[in-house]
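Residues -19 to -1, 1 to 665 (mature numbering (1 follows the signal peptide of the UniProt record, and there is no 0)) are what the sequence shown spells out, left to right.
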Amino acid sequence: MIAMFFKLLILALARLAAAEDVNFTYNGFRSANLSLDGGAQFTPNGLLMVTNDAEEQMGHAFYPNPVTFKNSYSNSNVISFSTTFVFAIRSVSATQGGHGIAFVIAPKRGLPGGFHSPFLGLFNLTNNGNPTNHVFAVELDTAQSTAFNDIDNNHVGIDINSLNSTDSASAAYYAKKNGGLRNLTLNSGKPMQLWVEYDGTNKQINVTLAPINVDKPHAPLISLNHDLAPILNKTMYVGFSSSTATVPTSHYILGWSFKMNGQAQELVLSQLPKLPRVGGKKISKLLTLGVPVIFVSLVLLAISGVIYAIRRKRKFAELLEDWEIEYGPQRFKYKELYIATKGFREKELLGRGGFGKVYKGILPHSKTEIAVKRISHESRQGMKEFVAEIVSIGRLRHRNLVQLLGYCRRKGELLLVYDYMPNGSLDKYLYNQPTATLNWGLRFKVIRGVASGLFYLHEEWEQVVVHRDVKASNVLLDRELNGRLGDFGLARLYDHGTDPQTTHIVGTLGYLDPELARSGKATTSTDVFSFGAFLLEVVCGRRPIETQGPLQGVILVDWVFSCWKKGDILEARDRKLGTEIISEEVELVLKLGLLCSHSEPSARPSMRQVVQYLESDNALPELSLLGQSYSGLTFVPQEGFDDFAQSYPSSSVKGFQMLSRRSSLRWSLTPRIRIILELIANAL
Ligand SMILES: *[C@@H]1O[C@H](CO)[C@@H](O)[C@H](O)[C@H]1NC(C)=O
Ligand SMILES: *[C@@H]1O[C@H](CO)[C@@H](O)[C@H](O)[C@H]1NC(C)=O
Ligand SMILES: *[C@@H]1O[C@H](CO)[C@@H](O)[C@H](O)[C@H]1NC(C)=O
Ligand SMILES: *[C@@H]1O[C@H](CO)[C@@H](O)[C@H](O)[C@H]1NC(C)=O
Ligand SMILES: *[C@@H]1O[C@H](CO)[C@@H](O)[C@H](O)[C@H]1NC(C)=O
Ligand SMILES: *[C@@H]1O[C@H](CO)[C@@H](O)[C@H](O)[C@H]1NC(C)=O
Ligand SMILES: *[C@@H]1O[C@H](CO)[C@@H](O)[C@H](O)[C@H]1NC(C)=O
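Pasting the structure below:
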């Protein structure tokens, strides 16, 4: 009965005690309320830093409330308790550490009189080993203090009132079952977990160490049978104490769990705060060095970008003036032409003319094949009129004209964009060919085509357009070998740019109307004259004036005329044509050529008449009349060359004028004049 009563009493008391059992868990210290002193502090991400990097420093962190270790009815029995925490020791030195950290149960929160360095903030020289300390601690010591009989500089020890550990062991853990003891380095900087358990019944202290993420080892590192009843008072404070010596070392606690009278709750490792990155100092050094370097690099990059942009802008710079706005659709971007011609590569060069180089190109967006004529032009005078003319010419549409697509203007340069003619210019088929690459049928087709194109320019369009430079090399052949007249109006470019006082006549030697030289005014009949020279050129396969070879100096029109006078005009035809010719057509063209070459503009047919003759709509007038007109009409001065030259102001008398004039002379010049003419021709 009495025994029963005691049993119930003990149970009731035990329950009473249980109600007071302290039980706390900190998975990180973000919202923890601990009592800190010395160097102890919380980091913003929730680490408890008991010492920081300062030298000879100590710090304490205690659970703020007292913990009851003994039942009120019994002073001789300490209640079982259990605690676990995750710690990390980081030293600036890889080999040296200092000094350590300890879990401590002490009568007061602050451990007054504790000292730094080897004393771990627990004791001082005078009270070390003093039984009145009432201090129980488990030290994690990273420096060997011979004064306290330390076994090494990397050990776990149980300290009872003294830094001379009651029991200690090198840092290690038992891996798995029968896995053996594995060493650990406390100041490796890596997080590790420690368990401290006291069995109040068996008066046994177990201390277990393990790396983080390793389950609690099955065997403790230290198991000490020691009664804590004489050491611990009824209520005590639990916490941590740490100190540094000369090697700055950070002692971190990541999480902590404690429970009286039972198993401490396991920590949730995933919730623990992260340690600062290893080498954070180096990173910040990298930043202090790297940021300026990156900044400078960025500035350099920006500068080179600006330079590139400016260069690029300059490279593709164009001249665009207000008056050009209305020509927008005809205006090409230089960049576009640059890309189309692959940067005006030599490989894309189609030819070189009197006005500039011609390049082949493919427009980047439409993939249209184009020919770009690049004309260097320094004078800006008259450019407005010229561009206006070019643009209006761009509106011309005829299947025997090379379509002008548009233009672009840069400083000192004008670029004209034309349809690309895959078969090139006619002259290369006429000259320097061993065999006739163009038979009579094709030649006649080209002649009729060019006549039709010129007729369109003269009479069919809203304005009269004088071509000014009709010749074989300005006739281009399209895919179907149709003749197409190109380069019209270009001669005007040089007219506009020069002083109106001195008439500068442009055209090509041998195609120039003598009348043009006298009046300085290009008319449709000057084009007819050139067309005449072109006709003879195509039929005879010879240049209007041979400048080289055995026939050097021979003037084509003279020669054809002499053939005609002899009564065999067909003799003048290109021998390469062979026998497959239509004699009537050849004769017609030769005679028409002579007719167009008449020195008197009014005696020449109009292009309308030329087209009619070629289409056989009208019969060619009898050439004998022409002959009569040569002998009858004395438009050719009888006096001779010198007198002739005198009769015109010398400024307007040009070499080609005299040359063309020669064609209307009596077909027989003195050798002296021939030589003079050649000299002039060469000088030009
Ligand atoms: C300790 O306290 C936590 C809550 O803070 C509770 O979840 C847990 O069950 C307690 N443990 C014991 C053994 O009472
Ligand atoms: C922290 O604990 C102390 C001691 O119990 C108490 O005085 C203080 O108010 C607590 N502070 C907070 C913020 O809870
Ligand atoms: C050592 O600590 C005790 C209290 O724990 C204190 O009374 C004593 O003055 C301290 N001695 C020194 C030298 O600081
Ligand atoms: C600690 O150990 C050292 C070295 O053996 C000894 O000199 C000293 O007296 C000890 N102190 C205590 C308090 O036991
Ligand atoms: C573990 O540490 C002890 C004491 O420092 C040493 O004697 C032993 O050789 C170490 N073992 C290994 C495997 O490093
Ligand atoms: C201490 O460790 C020993 C050996 O592993 C074990 O038998 C005992 O139960 C442990 N005591 C506590 C309180 O964990
Ligand atoms: C601890 O207990 C002892 C005796 O058991 C007593 O002398 C001492 O004053 C107590 N210390 C404190 C701080 O209460």
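Quick reminder that beta carbons are idealized off the backbone N, C-alpha and C, glycines included.
Nearest-angstrom Cα separation, counted from residue j out to residue i
i    : j    : result
T107 : N142 : 12 Å
E120 : G79  : 12 Å
E603 : L458 : 32 Å
V73  : I193 : 22 Å
K341 : E581 : 41 Å
K323 : E329 : 8 Å
P345 : D468 : 24 Å
L377 : G434 : 10 Å
T269 : S169 : 27 Å
H199 : S238 : 19 Å
L318 : I563 : 45 Å
D122 : I132 : 10 Å
M364 : G405 : 29 Å
K215 : N114 : 14 Å
Y218 : K158 : 35 Å
Collapsed DSSP secondary structure at residue i in the structure displayed
i    : result
K348 : coil
A321 : helix
T230 : strand
K314 : coil
I343 : strand
K409 : helix
L573 : helix
G95  : coil
L106 : coil
N114 : helix
E441 : helix
V277 : helix
T64  : strand
S151 : strand
I141 : strand
Residue i beta carbon near ligand 3 (any heavy atom closer than 7 Å)
i    : result
T225 : no
N135 : no
L106 : yes
Ligand 4 heavy atom lying under 7 Å from the CB of residue i
i    : result
G110 : yes
S143 : yes
N194 : no
F129 : yes
Residue environment, residue i, which counts as buried when at least 16 other CB atoms sit within 10 Å
i    : result
Q590 : buried
W304 : exposed
Q609 : Low per-residue confidence applies at Q609: pLDDT is 40, beneath 50, and the placement is therefore not dependable enough to give any value.
V188 : buried
D140 : buried
R295 : exposed
A128 : exposed
T230 : buried
M244 : Sequence inspection shows Gln at residue 244; the Met mentioned does not correspond to that position. Exposed.
Ligand 7 heavy atom lying under 7 Å from the CB of residue i
i    : result
P93  : no
N114 : no
T52  : Going by the sequence as given, residue 52 is Asn instead of Thr. Outside the cutoff, so no.
N214 : yes
P88  : yes
beta-carbon residue i near ligand 6 non-hydrogen atom, thresh 7 Å
i    : result
E178 : yes
P211 : no
S204 : yes
P172 : no
A245 : no
N26  : no
Q185 : yes
DSSP bridge partner residues for residue i (one or two, in chain order)
i    : result
L15  : None, per the DSSP bridge assignment.
L396 : R355, C389
Q533 : DSSP output for Q533 lists no bridge partner at all.
S169 : R71
M588 : Paired residues: none, contrary to the question.
S238 : T6, T65
beta-carbon residue i near ligand 5 non-hydrogen atom, thresh 7 Å
i    : result
N164 : yes
S61  : no
S149 : no
Interface flag, residue i vs chain D, CB-CB below 8 Å
i    : result
H579 : Note that chain D does not occur in the displayed structure, where there is just one protein chain.
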